[in-house]
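Reading through the structure tokens given below for one structure.
Residue numbers (mature numbering (1 follows the signal peptide of the UniProt record, and there is no 0)): -18 to -1, 1 to 400.
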């Protein structure tokens, strides 16, 4: 997630338990998606330089990445307050967390993203975008963008007969101190064959370093969270598809894997999951946030019910230090190395699982992020940052399940992989 994109973070009142619901319609269409990963080199060693975009190769960088995300989340919470008239429940706690950080700010795309193709305009032009469940807006590099957009496919509103200038500018601040800014337009956006007409989007005239083509393979970003987080105050793309009757079910789903990854629009793809879904009700319609029932290590519950934010734009699972430490304390051979980071044995076999009414195991291959440089130990996939008010559930968990985001019933579902 990123930038105008707000990340998924907010204090979650643990009032609603995960529970089974009626299954959504399965009709829809898929988009192949790919990832840009920077955690491991070909030899399995963690590439620290890529993780922190050039800062010193040290495990402490992980904490700084987290703090960069916190600042992005703060921007999302500010948008939530503007659009709803009420401050988000975690806003004050998040400000305290950011104030404590004295690390260097980072560019937003420090490690991993999932991207695929959409078309915009008439005639349609194809663009690649990062599909981000932690933000709500769509933006692309404009045809009059400066050299920072070099290498990307540019959006030219003058070349589209369905484009209309809204007459409003936008400016999105980033954690590296630069910004994305430009003009807002409406145009036809097509995703997996479904058309959203009159869709609000930003045409950026400058890109921060984190979006430049040498480190960010997508042309732009398409947010998939709720409208309350929109910096434009407008309907997100998927919400537009739903309101315009384009999809048979108000549902989109992710299958994340080393190959064959997919975003499915308008339902679920039965080829990728088995059994029924366990659902996490959304407690605040901004981020995709609710709560999990517990985390177990080797069959024993070590973390009780906690708030949870589901974010395809985050690689790790992030929680508070006390509870994350309890997880690693139950894993033989783990060691704390500072900055909310632990090492684990590279041949780890201790089962770790997260329960959303149903227990789902985190595989050793996703829990193990790779070998620590100049070490025989590996980096664990759970990290600690205090003051978030919720856990962030990223790819370390999501690659072990099929995940569906149900806008109609305000819930996130998880099913076992086929």
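C-beta: ideal position from N, C-alpha, C; glycine also.
Entirely enclosed alpha helix (DSSP H) segments - the segment 296 to 350, minimum 4 residues: 303 to 311 and 346 to 349
Residue 12 burial status per 10 Å Cβ neighbour count (16 or more: buried): buried
In DSSP terms, what residue 284 is bridged to: Its beta-bridge partners do not exist; DSSP assigns none.
Residue 368 to residue 267 span [Cα, whole Å]: 23 Å
Exposure label - residue 311; buried when at least 16 CB within 10 Å: Label assigned to residue 311: exposed.
Residue 157 in three-state terms, based on DSSP: Any reading at residue 157 must be qualified, since the residue scores a pLDDT of 37, below 50, and its modelled position is unreliable; the value itself is stated next. Three-state DSSP puts residue 157 in coil, outside helix and strand.
Close Cβ partners of residue 124 (< 8 Å) along its chain, the five nearest in sequence each way excluded: The residues are 131, 136, 137, 138, 139, 164, 165, 185, 186 and 187.
Sub-7 Å separation of residue 111 and residue 238 beta-carbons: no
Assigned exposure category for residue 282 - 16 Cβ within 10 Å defines buried: exposed
Opening and closing residue of the alpha helix (DSSP H) in which residue 235 lies: Counting along the chain, residue 235 falls outside any alpha helix (DSSP H), though it belongs to the beta strand (DSSP E) covering 233 to 237.
Closest by C-alpha distance to residue 152, when choosing among 180, 142, 175 and 122: 122
Contact check, residue 176 vs residue 229, beta carbons under 7 Å: yes
Rounded C-alpha distance that separates residue 331 from residue 371: 30 Å
Unbroken alpha helix (DSSP H) run spanning residue 378, endpoints: Counting along the chain, the alpha helix (DSSP H) containing residue 378 begins and ends at 377 to 380.
Residue interval of the beta strand (DSSP E) (run including residue 228): Careful: residue 228 lies outside any beta strand (DSSP E) and carries neither H nor E.
Spatially closest choice to residue 114 from 297, 144 and 392, by CA coordinates: When only C-alpha atoms are compared, the closest one is 297.
Residue span of the beta strand (DSSP E) that contains residue 367, given as start and end: Unbroken run through residue 367: none, as it is neither H nor E.
Element boundaries [beta strand (DSSP E), containing residue 245]: 244 to 247
For residue 326 and residue 197, the rounded distance between their alpha carbons: Between the alpha carbons of residue 197 and residue 326 lies a distance of about 29 Å.
Pairwise C-alpha distance: residue 320 and residue 388: 38 Å
Identity of the residue in 397, 193, 162 and 233 nearest residue 340 by Cα: 397
Straight-line gap, residue 224 to residue 343 (C-alpha atoms, nearest Å): 33 Å
Terminal residues of the beta strand (DSSP E) in which residue 96 lies: 95 to 102
Extent of the continuous beta strand (DSSP E) to which residue 262 belongs: 255 to 263
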